[in-house]
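Residue numbers (numbering that gives the first Met the number 0): 0 to 285. Heads up, the thing below is written out as structure tokens.
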Amino acid sequence: MQAIEVIDWNDTLKIVEQIAQVVGEQLRTNFQQISAQSRTASAKTDGSLVTQSDRWADRTIAQMLLDKFPGYGLLSEESVQVFPHQDWCWVVDPLDGTSNFSHGIPIWAISLGLLYKGVPVFGYVHLPPLQQSFHGWFAGGVTGIELPPDAAFLNGKQIRSVQELPPDIPLSNYFFSCCSRSLERIGIAKYPCKLRMLGVASYNLLTVATGSTLGAVEATPKIWDIAAAWVITQAAGAIWLPLESGAIFPLEGDRDYGDRNFPTLVVSSAQMKLIFKPIVQSIGNL
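Okay, structure coming up:
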């Protein structure tokens, strides 16, 4: 019989909350003290932006996680992009929404996902400007560890995706969230409801978990954009649909994930899958 690994999940949550609060407060201070015109950002090889705040947050989160969770691995957007061989590994986006941050738009996040044998089981996403903190657990078929029941929370209150729509309200009154690249590739004519574009991959997908949107699509998210959201959205009852063939998880040891995209659609229910998947499916083929 396989031994069951027992984790103190309450303690894990408290530690992650503390890390996100400490780093988030400093990022918020940086954001408030520097005008949009004077924020400096440089372009990485993939064309995305990085700021000094990204790099500071990356170093700080990494050090705090390694101090509190000795022996755990780490995969992070701004530093370690090769997935390690440890059973437990944190996947970190220290500042999701750098373009928003660098242009003075107050929607950006800290995203922390905890993987067991390459599969996310715990996710935490903190949005300092909005004072919103999401977390959740999702077993997803993982065995060998003891997890709390699948559940997702926003500021401590349980959240659920929209499962049924009132028959008397047209679909055009609801929201679908998208990224700029998905809009470029598909256009707006085919969507049956109102579009929203937030500029933060993790938060974009999490709007489905809260019931704010019926679906969300990301054309080019990296693994650190989705590791935490993968847990929270599904724990809230939403459906995660990769737009490329093959499963995203488990991640592979020694593989460099720095240049790998994972086109993704998240929908609130099976009914919404029938509506939105045919519209966005081609994103995975581009």
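Positions of the beta carbon are idealized from the N, C-alpha and C atoms, including for glycine. What you are looking at is a predicted structure, and each value in this text was computed from that prediction instead of being measured.
CA-CA distance, Lys116 to Ser78, rounds to 21 Å. Beta-carbon to beta-carbon, Ala227 and Val161 are separated by about 21 Å, too far to satisfy the 8 Å threshold.
In the DSSP annotation of this structure, the continuous segment of the alpha helix (DSSP H) that includes Phe275 starts and ends at 269–279. The beta carbons of Val216 and Gly135 sit no closer together than 7 Å.
Sixteen is the threshold: when 16 or more other Cβ atoms of the shown chains lie within 10 Å of the Cβ of Ile185, as they do, the residue is buried. For Arg58, there is no enclosing beta strand (DSSP E); the enclosing alpha helix (DSSP H) has its first and last residue at 51–67. Rounded to whole angstroms, the separation of the alpha carbons of Lys189 and Asn172 is 15 Å. The beta carbon of Ala151 is closer than 6 Å to those of Gly135, Ile158, Ala208, Ile231, Ala234, Ala235 in its chain, skipping five residues each way along the sequence.
Distance from the CA atom of Ser101 to the CA atom of Ile3, rounded to whole angstroms, is 45 Å. The distance from the Cβ of Ile238 to that of Val266 is about 5 Å, consistent with a contact at the 8 Å cut-off. Non-local C-beta neighbours of Asn203 in its own chain, meaning closer than 7 Å and more than five positions away in sequence, comprise Ser176, Cys178, Leu197, Ala215, Glu217, ordered along the chain. Ser281 and Leu242 have their alpha carbons spaced roughly 8 Å apart.
In the three-state reduction of the DSSP assignment, Lys156 falls in the strand class.
Cβ-Cβ distances below 6 Å link Met271 to Leu213, Gly214 in the same chain, with the five nearest sequence neighbours on each side left out; the list follows chain order. Comparing alpha carbon positions, the residue from Leu240, Asp10, Gly122 closest to Asp92 is Gly122. For secondary structure counted as the alpha helix (DSSP H) over 4 or more consecutive residues, the region 92–134 holds these complete runs in sequence order: 97–101.
For Lys193, the enclosing beta strand (DSSP E) has its first and last residue at 193–195. Within its own chain, the residues whose Cβ lies closer than 8 Å to the Cβ of Arg195, once the five positions on either side in sequence are excluded, are Phe174, Phe175, Ser176, Cys177, Thr206, Thr212, listed in chain order. For Gly70, the secondary structure class from DSSP, reduced to helix, strand or coil, is coil.
Here Ser244 carries a coil assignment [DSSP, helix/strand/coil]. By the criterion of a C-beta distance shorter than 8 Å, Ile60 is surrounded in its chain by Ile18, Val22, Ser75, Val91, Pro93, Ile109, Leu111, once the five residues flanking it on both sides are discounted. If the five residues before and after Arg180 are omitted, its C-beta is found closer than 7 Å to the C-beta atoms of Ala218, Thr219, all from its own chain and listed in chain order. Closest by C-alpha distance to Lys193, out of Ala200, Pro105, Leu182, Val199, is Leu182.
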